[in-house]
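Heads up: the structure comes next, in structure tokens.
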Amino acid sequence: MINLYSDTQTRPTEAMRAAMASAEVGDEQRREDPTVIALEERVAELLGQEAAVFLPSGTMCNAISVRLHIRPGGDEMLIGELAHPLIAEAGGPAAISGAILTVLESEPGRTGIFSAETLRAALGGSSPGGDRYSPRARLVSVEQTVNIGGGRVWPEAQVLAVLDAAAEHGLRTHLDGARLMNAVIASGVAASVYAEGFDTAWIDFTKGLGAPVGACLAGSADLISEAWRYKQMWGGAMRQAGVIAAAGLYALDHHVERLADDHANARRLAEGLAAIDGVTIDPGDVDTNIVMFGVPDAAAFCAALEADDVRMGAVGPRQIRAVTHLDVDADGIELALAAAARAI
Ligand SMILES: *Cc1c(COP(=O)(O)O)cnc(C)c1O
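Heads up, the sequence shown is in this note's numbering, so the first residue is 127 and it goes up one at a time.
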């Protein structure tokens, strides 16, 4: 099976499993697991933040962050139209934190990347204190790269412009960096440059980094100490979690630079798809490891691919998402292209 459904489908490599098997461990929720602590320190430094906390999932990083920033009583969270918390976290920001979500349109196209002007326009005349009528603008969230936007990379200048606009309005800021390291490898901009201006920022180990479990949320020492309350409250505090944190450390040592291979494979996939009659794609839209393209019938296309031992995901009636990762090599891409031509 050539599995391009998602970069979450990776299996831990033998070497990663060996690192997990030999990890030093302790009681994580009592802060006695040296491997978890090492991973948290590593991620805090990587993201240019004071402290970090290891969590079971990226979704919990987002959920805790929103809970940290949003206060009861009508606080507003501004977020890109394709962002994960909006479309794939079961309504968490509203259900858990009582946030009212204001959706920011992307420009250009449906990339999930919005401009500082769009943010300013959405804020209108609102002040941090708000008036009696408007929700109180409180939080803006940026997703780097944008998953459903096709893995597009926010340019550094655009991130900084959004942070400036947020500062003018006294907003808290959050970076969903599930695939931040893909943006780092694609752009050459350091993770800390993208992340240090945010109040909270996180990376996922289970996407392109290829670990089986875990994500790490970073921020100021005060915010991370408060994050621990919710980690405990929501059952995210663990025990000998060094076994899984070791996979995260291994991934940071061995699976970051190689993301360039995934990006090259995604480009090759996009170029090959562009040459197939009936496929709609602009290979220039592929910044990282996610390839979005149009076909006449997404469900039928995916079923035909499956019969050929190739898996991709339908993300709309006529839209397909294919994601490259460390379990698919260049030969796999050629086989997937041949299968795609047959499926069309
Ligand atoms: C996958 C993903 C998440 C959630 O991460 P999990 O580890 O799957 O819970 C959040 N945001 C984005 C952009 C993602 O791609």
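Each residue gets a CB set at the ideal place from its N, CA and C atoms; glycine is no exception.
Since the structure is predicted, the reported quantities are computational estimates derived from the model, not experimental observations.
Using the DSSP secondary-structure output, state which residues sit across from residue i in a beta bridge.
i, result
"F180", "C342"
"T406", "G420"
"T326", "H300 and G345"
"N129", "R437"
"G442", "Q445"
"M364", "Answer is none; M364 lacks a bridge partner."
Starting from residue i, trace the beta strand (DSSP E) in both directions and tell me its first and last residue.
i, result
"L301", "R298 to G303"
"V162", "Where V162 is concerned, there is no enclosing beta strand (DSSP E), although the alpha helix (DSSP H) it sits in stretches over P160 to L172."
"R264", "R262 to E269"
Pick out whichever of the options has its Cα sitting closest to the Cα of residue i.
i, options, result
"V339", "E171, G184 and A247", "G184"
"E202", "I470, I222 and P261", "P261"
"C342", "R236, T228 and T326", "T326"
"M186", "M127, D348, G174 and G217", "G217"
"V285", "F240, P409 and T450", "F240"
"A209", "R444, F324 and N273", "N273"
Quick check: what's the CA-CA separation for residue i versus residue j?
i, j, result
"I311", "R258", "46 angstroms"
"T136", "G224", "35 angstroms"
"M418", "G439", "10 angstroms"
"G199", "A263", "11 angstroms"
"R394", "D457", "11 angstroms"
"A390", "R384", "10 angstroms"
"D387", "R193", "37 angstroms"
"G235", "E207", "11 angstroms"
"P422", "E231", "26 angstroms"
"A372", "G404", "45 angstroms"
"A465", "A396", "14 angstroms"
"A309", "T244", "22 angstroms"
"L173", "V382", "14 angstroms"
For the alpha helix (DSSP H) containing residue i, name the first residue and the last one.
i, result
"Q358", "A347 to M359"
"Q284", "E282 to E294"
"V310", "L306 to S313"
"T414", "From DSSP, T414 is part of no alpha helix (DSSP H); its letter is neither H nor E."
"A225", "Per DSSP, A225 belongs to no alpha helix (DSSP H) and is neither H nor E."
"G206", "Run containing G206: none in the alpha helix (DSSP H); it sits in the beta strand (DSSP E), D201 to G206."
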